[in-house]
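Student:
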Amino acid sequence: METAYINSPLGITKIMGDQDGIAVISVSDVGENEVSVVIPEILKEAVLQLHEYFEGKRTNFNLKLNPKGTEFQQKVWKSLLEIPFGKTISYSDQTKKLGDLKAIRAVASANGKNPLWIVVPCHRVIGTNGSLTGYAGGLHRKKWLLEHENPSTQQSLFS
Numbered sequence: 003m004e005t006a007y008i009n010s011p012l013g014i015t016k017i018m019g020d021q022d023g024i025a026v027i028s029v030s031d032v033g034e035n036e037v038s039v040v041i042p043e044i045l046k047e048a049v050l051q052l053h054e055y056f057e058g059k060r061t062n063f064n065l066k067l068n069p070k071g072t073e074f075q076q077k078v079w080k081s082l083l084e085i086p087f088g089k090t091i092s093y094s095d096q097t098k099k100l101g102d103l104k105a106i107r108a109v110a111s112a113n114g115k116n117p118l119w120i121v122v123p124c125h126r127v128i129g130t131n132g133s134l135t136g137y138a139g140g141l142h143r144k145k146w147l148l149e150h151e152n153p154s155t156q157q158s159l160f161s
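Under my numbering, the letters of the sequence shown match residues 3 to 161, in that order.
#1: For the beta strand (DSSP E) containing T15, list its first residue and its last residue.
#2: Taking DSSP as the reference, what is the three-state secondary structure of I106?
#3: Taking Cβ to Cβ, would you say L82 is nearer than 8 Å to C124?
#4: Touch check for the segment 56–70 and the segment 35–45: three-plus C-beta pairs under 8 Å?
#5: When you compare each of Q21, Q51, M3, S38 to W119 by their alpha carbons, which one comes out closest?
#6: Alpha carbon to alpha carbon, how far is D20 from T5? Give it in angstroms, no decimals.
#7: Between the C-alpha atoms of G136 and R107, what's the straight-line distance to the nearest angstrom?
#8: When you compare each of S111, A138, H53, V122 to F1 by their alpha carbons, which one comes out closest?
#9: Buried or exposed for T90, please, with buried defined as at least 16 other CB atoms from any protein chain shown within 10 angstroms of its CB.
#10: Measuring alpha carbon to alpha carbon, tell me which of L147, K145, F56, M3 ends up nearest K70.
#11: With a 10 Å radius around its C-beta and 16 neighbouring C-beta atoms as the bar for buried, classify S154 as buried or exposed.
#12: Out of curiosity, what's the CA-to-CA distance linking G132 and S92?
#13: What is the rounded straight-line gap between the Cα of G101 and the Cα of I41?
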């Protein structure tokens, strides 16, 4: 498994993957990891696409993904990929789409364990009342990502 660290507007982004795909994209506060001087060949496309996203030039990702998780988590993460750029859904809506209204806590837990920050867009899931409920990367990052993807509606909604 190859690893690279890059700068992003929200901290140091860690990318891990191999020939089977990208397994981890995570963020940490600046200073926790050194930025990579050399990017492994297998991760260069992911680095490029993330830079394009942060520059406002990319609205979807085209990467081979290989996140590790249970069958249920995989199903939840796959459903996140259906949320369009600049749009949000509620945890309740996501749970309904998955077919079991009683599973809302399990769905929220699976979202929180999403190993592919931004690329599998769990930041696009919000509370039924529009609130920015839990986010493993921190609510300040969730707010930033939503405003980055849809500045005209999100700033007024979350200001």
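Glycine included, every Cβ here is placed at the ideal spot set by N, Cα and C.
Note that the coordinates shown come from a computational prediction; the quantities given were computed from them, not determined experimentally.
Tutor: Straight from the coordinates:
#1: In the DSSP assignment, T15 falls within the beta strand (DSSP E) that extends over 13–20.
#2: It is helical.
#3: In this structure, C124 lies closer than 8 Å to L82 by Cβ.
#4: Contact between the segment 56–70 and the segment 35–45 is absent: fewer than three C-beta pairs spanning the two stretches fall below 8 Å.
#5: Selection Q21, Q51, M3, S38 evaluated against W119 yields Q51 as nearest (Cα-Cα).
#6: Roughly 9 Å separates the two Cα atoms.
#7: Approximately 12 Å, taken between the alpha carbons.
#8: The question about residue 1 has no answer, for the chain in this structure spans 3 to 161.
#9: Residue burial annotation: T90 is buried, with at least 16 other C-beta atoms found within 10 angstroms of its C-beta.
#10: Checking every option, the nearest Cα to that of K70 belongs to M3.
#11: So S154 ends up on the exposed side.
#12: Each residue's CA atom was taken as its position, placing G132 and S92 some 8 Å apart.
#13: Approximately 41 Å between the Cα atoms of the pair.
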